[in-house]
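Chains as they are written, first to last, in our numbering: chain A, 1 to 34; chain B, 1 to 450.
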C-alpha cells in the first residue's frame, strides 16, 4: 500500500495479447480506488 | 502592459522546451487543486503502459508496451519496449489524454500489441522478451482515466451568478454570470457588461473557481464590502450565458477559508503591514489596514500611492498569503517597495511607525505557517498572468520564500514577475492546459514550437 495515496498494489496476473498469441505475466497492478 | 500580449498559436511543445533548457517541471502532487493531485504519487518513472503504436504501417490501430522514462507534470517521456537504451525514439505524451493504458488493457478490449516495425525482426521471440521485462514490473492503475475524469468535475456551470471583484475598480465587487468553465477556470461576464455591435462582451473576468476573488451571492452585503449596483438598463439577453435559467451560487460552492479568531485582538484600521500590491504582483509594499470587514476580511491599501477616495483599496482575507507582518521582507531578503520619498538605505519600520504614528499589525495575526510544498527554484509550470487572468503562460519558479513563490513568465522581463502562494489556484502543472483544453501562452521569443 502506498501510504501517501492509500492505494493498494497487488501482484496480479495480467493478460498480454500479441500477434503471436495471448499469455499472462505477473505484475504489480492496482485495480480500482484503494 | 501585459494586456497587449496577443494570443499565440498553439503548438508549443513542453517536451522539447524542457529538454532544450534542461529544466525540471513541478510535479503534479505540488498542486492541491488540480486533477489527480492526491493520486499522483502512484505515477512514477519505470511504470509500464500500453500505448498507441505510431511506428507501424498497419492500417488498424495497434498498441505496444512502453516504459515511463521521465515525468514532467502531466507529461511523460515514453520509450517503446525493445529500444532498450536507445533514446532516439523517445516521445512525450500527456498521460491524462493520450491513448495510454495499463498493461492488460489491450487484451480486455480486444486490441493487439504489435511491436514497432523497426525492430520487429530484431527480436525473434517476443513472448520470452516481454516476460523477462514485465514480470515484477508495475503498471498504471486500472482506473487511472476514470479517476482523471472524476477529479475534473466542477460545481459551476453556465448561468450561475456570483459576486466578483470589479476589474475596473478593485475596491468593489460586481455581480457576474458564469459563461464558460474550462478546467475549473471560469469566464465571468458582469451582469451589466454591455455588448458590442457584433455581440461581443465588453467586460469579463477570468478566475479559478477556488479564487479568493469570487464569492457567493450576497457575500458583499454580509461582510460589508462595497458592491456595484447592476445597471438594469443594460440588455444582455442576447448573450447565451444570459439566456440560461439563472442560479445564484451558494457558499458551499466556494473554497472554505481558514477561520480567524478575534480573541486577543484582531487587525484594526490604521495598522501597518507588508502586502503584495494587487496591481503589481511582483512588489511587496508598505501597506495599511483601511477597514475591517466581517468574517475576517480586510480592506488594505498601499502606502504613498493612494488616490484618496478608497477606490484603490483591495480586499484580502486575514488568512491570505498576500499580507505579511512588518519586517517579513527584510527577514527573507526581499526588496520591500517603499512609499515614494523613502530610501532603501535608510528606511526602518521602527522609524516609519513613529513618523506615521501607527502601530504594526501583530505578527500572530498572519498566516505564515511553514508548509512543505515541494516547489524549488527553476521548476517549470503553467501560471496565470494575474494582470490578464485569461492567459495561462509558461512560467518558472524564480524564488521560494516560505509559502510564497516568485514566478517568472518565460520570455518576459522580470518586471512582470508575480508573487503567489504555493497553494494558489492560479498555478498548474506542465500539461494542464493540454489536459483541460485551455490555451497555453508560449514564451515569446525564438523558442522551438515543435
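Beta carbons are placed, not taken as given, at the ideal position from N, Cα and C, and that holds for glycine. If you're wondering where the values come from, they're calculated on a predicted model, not measured in any experiment.
Requested in this report: Kindly indicate if chain B contains any beta-carbon less than 8 angstroms away from that of residue 1 (chain A).
Outcome: No, residue 1 (chain A) does not count as interfacial toward chain B.
Requested in this report: Provide the residue span of the beta strand (DSSP E) that contains residue 14 (chain A), from first to last.
Outcome: Per DSSP, residue 14 (chain A) belongs to the beta strand (DSSP E) from 10-18.
Query raised in the report: Got a sec: is the Cβ-Cβ distance from residue 104 (chain B) to anything in chain A below 8 angstroms?
Result: Residue 104 (chain B) counts as touching chain A.
Query - Which of helix, strand or coil DSSP assigns to residue 329 (chain B) - result: It is helical.
Query - Three-way DSSP call (helix, strand, coil) for residue 2 (chain B) in this model - result: A caution first: residue 2 (chain B) carries a pLDDT of 29, below 50, which makes its placement in the model too unreliable to give a value.
Query raised in the report: Expressed to the nearest angstrom, what Euclidean distance is found between the alpha-carbon atoms of residue 356 (chain B) and residue 334 (chain B)?
Result: Put simply, the backbone Cα of residue 356 (chain B) is about 23 angstroms away from that of residue 334 (chain B).
Query raised in the report: Would a check of beta-carbon distances place residue 10 (chain A) closer than 8 angstroms to chain B?
Result: No, residue 10 (chain A) does not count as interfacial toward chain B.
Query raised in the report: In chain order, what residues of the same chain lie with their CB nearer than 8 angstroms to the CB of residue 404 (chain B), ignoring the 5 residues before and after it?
Result: So the list reads 321, 419, 420, 421, 422, once near-sequence residues are dropped.
Query raised in the report: Starting from residue 30 (chain B) and walking both ways along the beta strand (DSSP E), at which residues does that stretch end?
Result: Per DSSP, residue 30 (chain B) belongs to no beta strand (DSSP E) and is neither H nor E.
Requested in this report: Please list the partners that residue 350 (chain B) has in chain A, where partner means a Cβ-to-Cβ separation under 9 angstroms.
Outcome: Chain A residues near residue 350 (chain B): none, gap ~46 angstroms exceeds 9 angstroms.
Query - Min CB distance residue 38 (chain B) to chain A below 8 angstroms - result: Against chain A, the CB of residue 38 (chain B) has a partner CB under 8 angstroms away; the residue lies at that interface.
Report task. Would you identify the three-state DSSP class for residue 213 (chain B), choosing helix, strand or coil? Result -> Of the three classes helix, strand and coil, the one that applies to residue 213 (chain B) here is coil, per DSSP.
Query raised in the report: Would you say the region 237-257 of chain B touches the region 148-160 of chain B, given that touching needs at least three Cβ pairs under 8 angstroms?
Result: With a cut-off of 8 angstroms, the region 148-160 of chain B and the region 237-257 of chain B count as touching, because enough Cβ pairs lie within range.
Report task. Report yes or no: is there a C-beta of chain A within less than 8 angstroms of the C-beta of residue 112 (chain B)? Result -> Under the Cβ criterion of 8 angstroms, residue 112 (chain B) is counted among the residues facing chain A.
Query raised in the report: What is the DSSP secondary structure of residue 81 (chain B), counted as helix, strand or coil?
Result: Secondary structure of residue 81 (chain B) (DSSP, three-state): coil.
Report task. Note the first and the last residue of the continuous alpha helix (DSSP H) segment covering residue 150 (chain B). Result -> According to the DSSP assignment, residue 150 (chain B) belongs to the alpha helix (DSSP H) that extends over 144-150.
Query - Meets three-Cβ-pair contact criterion under 8 angstroms: the region 222-238 of chain B and the region 167-185 of chain B - result: These segments touch.
Query raised in the report: From the beta carbon of residue 138 (chain B), is the nearest beta carbon of chain A less than 8 angstroms away?
Result: Output row for residue 138 (chain B): interface = yes.
**Report entry** Segment contact, 8 angstroms Cβ cut-off, at least three pairs: the region 11-22 of chain B with the region 352-370 of chain B
**Finding:** By the Cβ test, the region 11-22 of chain B is not in contact with the region 352-370 of chain B, since fewer than three Cβ pairs between them sit closer than 8 angstroms.
Requested in this report: Return the first residue and the last residue of the alpha helix (DSSP H) that residue 39 (chain B) is part of.
Outcome: No alpha helix (DSSP H) holds residue 39 (chain B); DSSP gives it neither H nor E.
Query raised in the report: With DSSP run on the structure shown, which of helix, strand or coil describes residue 113 (chain B)?
Result: Strand, per DSSP.
Query - First and last residue of the uninterrupted alpha helix (DSSP H) at residue 243 (chain B) - result: Here the alpha helix (DSSP H) through residue 243 (chain B) covers 240-243.
Query raised in the report: Can we say the region 389-404 of chain B touches the region 38-54 of chain B, given the rule of at least three CB pairs closer than 8 angstroms?
Result: Verdict: no, contact absent.
**Report entry** Bridge-paired residues (DSSP) for residue 373 (chain B)
**Finding:** Note: residue 373 (chain B) sits in no beta bridge, so no partner.
Query raised in the report: Any residues in the region 120-135 of chain B with a beta carbon nearer than 8 angstroms to a beta carbon of chain A? Which ones, in chain order?
Result: Cβ contacts with chain A come from 126, 127, 130, 131, 134, 135.
Query - Enclosing alpha helix (DSSP H) for residue 306 (chain B) [first to last residue] - result: First-last for residue 306 (chain B): undefined, no H or E at that position.
Query raised in the report: residue 73 (chain B): buried (16+ other C-beta within 10 angstroms of its C-beta) or exposed?
Result: Per the 10 Å Cβ criterion, buried.
Query raised in the report: Would you call the region 330-348 of chain B and the region 231-246 of chain B touching, i.e. three or more CB-CB distances under 8 angstroms?
Result: As far as the Cβ criterion goes, the region 330-348 of chain B does not touch the region 231-246 of chain B, which means the pair count is below three.
Query raised in the report: In its own chain, which residues sit with a C-beta less than 6 angstroms from the C-beta of residue 230 (chain B), not counting the 5 before and 5 after it?
Result: Correct list, in chain order: 175, 191, 192.
Query - Sequence-distant residues of its chain with Cβ nearer than 6 angstroms to residue 4 (chain B) (five each side left out) - result: In this prediction, residue 4 (chain B) has a pLDDT of 27, which is less than 50 and means its spatial position is unreliable; what the coordinates show is noted afterwards. Excluding sequence positions up to five before and after residue 4 (chain B), its CB lies less than 6 angstroms from no other CB in the same chain.
Query raised in the report: Who are residue 63 (chain B)'s beta bridge partners in DSSP?
Result: B:52, B:113.
Query raised in the report: In chain A, which residues lie less than 9 angstroms from residue 142 (chain B) when you measure between Cβ atoms?
Result: Those within 9 angstroms of residue 142 (chain B) in chain A are 29, 30, 31, 32.
Query raised in the report: Which one or two residues does DSSP pair with residue 380 (chain B) in a beta bridge?
Result: Bridge partners of residue 380 (chain B) according to DSSP: B:25, B:396.
Query raised in the report: Identify the residues that DSSP records as bridge partners of residue 161 (chain B): which are they?
Result: For residue 161 (chain B), which the question treats as bridged, DSSP gives the partners B:177, B:248.
Query raised in the report: What does residue 272 (chain B) pair with, by DSSP beta-bridge criteria?
Result: Per DSSP, B:288, B:360.
Report task. Establish whether the CB of residue 333 (chain B) and some CB of chain A are separated by less than 8 angstroms. Result -> Not closer than 8 angstroms to any Cβ of chain A, the Cβ of residue 333 (chain B) fails to qualify, so no.
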